[in-house]
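A.B. asks: Numbering (UniProt numbering), first residue to last: 1 to 308.
Even glycine gets a Cβ: it sits at the ideal position worked out from N, Cα and C.
Structure below; questions to follow.
Below is the structure:
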């Protein structure tokens, strides 16, 4: 009996060592999600070389971008007449990403659509571009067996954000169960996990005051209070807020030292979620604050390092 017990214990220890070695050997992936402010407006260099240099220095595997105004996938003929668009392909290649997708090309009439985009060191496959019923559109894509959603929710309507999140979650639900998902972007909404940071009502009161100047600002909920329902839907779906795994305390993603027109008080609108089956793969998640990100956008980027 003792011999059998000892063998069982030794087998368990051996399996544990193998499992730990396997985890340690997994590749670390680096993902950055960044609202770059009006097509990187603050970078006046050719092909946005300052942004490219900053991204290259971070050496990410994948970059999710929001507010890519004025960017075309690679073909200038898609740009409005007289416009001088930035080439997303050329831009991404300058920091080592040969694979790129943008949710839509610049509109022929020159209107601003705040498109989202994704770039990668590795092939991007099974891409879907959704622009209907989504204010800035959303992308779904697969990279090395992982599924990505990149979006930018409506900036001034809690109701429209509700439709957007329902559409995205329904899209994910329609796919086979058990897949690994990463969901990111500027979601223009507050999380119940940050509720204590907003209990002073400064953000709520700012929105109420701003509404007097901009009646289209309908960012509060039906009770004229901060609306936590958008983020609650994401959490109830089973997604894990990656930042909260490594930083339980509140960390704002806006405003930067540049400015932010939706609040002068700290808030978090930029998120990076992973499906529950990826929670143990998270190595680090943080809001990236440095001399560059302080001034080149009104949002700070979010970094996720995870193992696969």
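May I ask you to report which of helix, strand or coil DSSP gives residue 218?
C.D. replies: Residue state, collapsed to three classes: strand.
A.B. asks: Could you have a look at residue 126 and say whether DSSP puts it in helix, strand or coil?
C.D. replies: If DSSP states are grouped into helix, strand and coil, residue 126 belongs with the strands.
A.B. asks: Run through the DSSP bridge pairs and tell me what residue 184 is partnered with.
C.D. replies: Answer is 150 and 272.
A.B. asks: Could you pull out every residue in the same chain whose Cβ sits closer than 8 Å to the Cβ of residue 90, ignoring the five residues on either side in sequence?
C.D. replies: 47 and 74.
A.B. asks: Three-state secondary structure (DSSP) at residue 103?
C.D. replies: If DSSP states are grouped into helix, strand and coil, residue 103 belongs with coil.
A.B. asks: Can you check DSSP and say which residues form a bridge with residue 140?
C.D. replies: Looking at the DSSP assignment, residue 140 forms a beta bridge with 128 and 149.
A.B. asks: Rounded to the nearest angstrom, what separates residue 63 and residue 209 at their Cα positions?
C.D. replies: Distance between the alpha carbons of residue 63 and residue 209 is about 35 Å.
A.B. asks: Assign residue 33 to buried or exposed, taking buried as 16 or more other Cβ atoms, counted over all protein chains shown, within 10 Å of its Cβ.
C.D. replies: Buried, by the Cβ-count rule.
A.B. asks: How about residue 268 and residue 242: do their beta carbons lie closer than 8 Å?
C.D. replies: No, the pair does not count as a contact, with Cβ atoms beyond the cut-off.
A.B. asks: Around the Cβ of residue 105, are there at least 16 other Cβ atoms within 10 angstroms (buried) or fewer (exposed)?
C.D. replies: Burial call: buried.
A.B. asks: Does the segment 119–127 come close enough to the segment 150–158 that 3 or more CB-CB pairs lie under 8 Å?
C.D. replies: Contact between the segment 150–158 and the segment 119–127 is absent, because fewer than three Cβ pairs lie under 8 Å.
A.B. asks: How long is the line joining the alpha carbons of residue 120 and residue 212, rounded to whole angstroms?
C.D. replies: Answer to the nearest angstrom: the Cα atoms are 43 Å apart.
A.B. asks: Measure from the alpha carbon of residue 85 to the alpha carbon of each residue in 100, 96, 65 and 107, then state which is nearest.
C.D. replies: Checked all of 100, 96, 65 and 107; the closest Cα to residue 85 is 107.
A.B. asks: Residue 163 lies in the beta strand (DSSP E); which residues open and close that run?
C.D. replies: Taken as a continuous stretch (DSSP letters only), residue 163 belongs to no beta strand (DSSP E), being part of the alpha helix (DSSP H) at 158–173.
A.B. asks: Could you please give the first and the last residue of the uninterrupted alpha helix (DSSP H) stretch that includes residue 229?
C.D. replies: Here the alpha helix (DSSP H) through residue 229 covers 229–237.
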